[in-house]
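Quick note, the sequence shown lines up with residues 0 to 172 if you use numbering that gives the first Met the number 0. For glycine and all other residues, C-beta sits at the position ideal for the given N, C-alpha and C. Remember, it's a predicted structure, so these values are computed and weren't measured experimentally. Quick notes on the structure that follows.
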Amino acid sequence: MAPRLLTAVLFLCLCGVLAAGGKAAAQGTARNPAPVRYGDWQKNCTTPPGTPNMICELTQTARAKDRPDISFRISFIKLPQKKGVLLRVIVPIRVELPMGVGVNIDGAKDMGNMLYRRCFGDSCLAEAVLTEKDMQNFFAARAVSFFIFPTPEEGVGGTVSLNGVKAGYDSLP
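Have a look at this one:
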């Protein structure tokens with residue numbers, strides 16, 4: 000009789016541990032709200048492991064006009080203490096790093112080139128810190144084009160709609 004009792008107690012303990020683990024996992028996902036759409040943009044918020052603060056970004060992905068195998072992932076992230084806005088562009092790894100990522104608003108306003116910060120896995124990341132004045136240029140525009148260089152002679156561009164960028168930006172913490 001004792002082995003059956005011991006088995007039953009162990010089974011109940013295991014069920015309790017599994018239930019507690021499932022509850023903890025559910026609480027972990029509750030901390031990261033579901034993505035929210037703002038026009039053509041999506042707000043994603045996550046709490047990185049080991050940190051108490053949630054980080055939110057406004058993102059959109061686009062494909063290059065003439066090269067459907069090349070995509071761009073664009074993100075706006077407000078920096079702490081109102082120290083600007085981080086514009087992050089993630090592109091495929093097969094790019095000329097010294098050329099950077101070209102940025103052009105509405106086909107008329109050249110915003111310069113963003114420098115690559117690092118490459119990892121199958122992509123490279125370019126970042127620039129924008130001011131509120133820079134952001135006003137994005138809010139007033141309809142589209143922004145990003146250009147990368149797979150070779151020094153070949154520039155490839157992708158255009159991103161700015162529909163919803165102001166509302167999404169205003170929703171960022």
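Worksheet entry | Residue(s) in a DSSP beta bridge with Tyr-168 | In DSSP, Tyr-168 forms no bridge with anything.
Practice prompt. Hey, could you find the ends of the alpha helix (DSSP H) Asp-133 is sitting in?
Written response: 131-139
Worksheet entry | Assumed close pair Ile-69, Val-159 - CB separation to whole angstroms, cut-off 8 Å | Incorrect: roughly 13 Å between the Cβ atoms, too far for contact.
Worksheet entry | Cα-Cα separation between Lys-77 and Thr-46, rounded to whole angstroms | 15 Å
Worksheet item: Once you ignore the five residues that flank Ile-89 on each side, which residues in its own chain have a CB closer than 6 Å to its CB?
Response: Arg-72, Ser-122, Leu-124
Worksheet item: Among all the DSSP beta bridges, which residues are the ones paired with Ile-76?
Response: Leu-85
Fill in: Classification of Leu-86 by the beta-carbon crowding that lies within 10 angstroms, buried from 16 upward
buried
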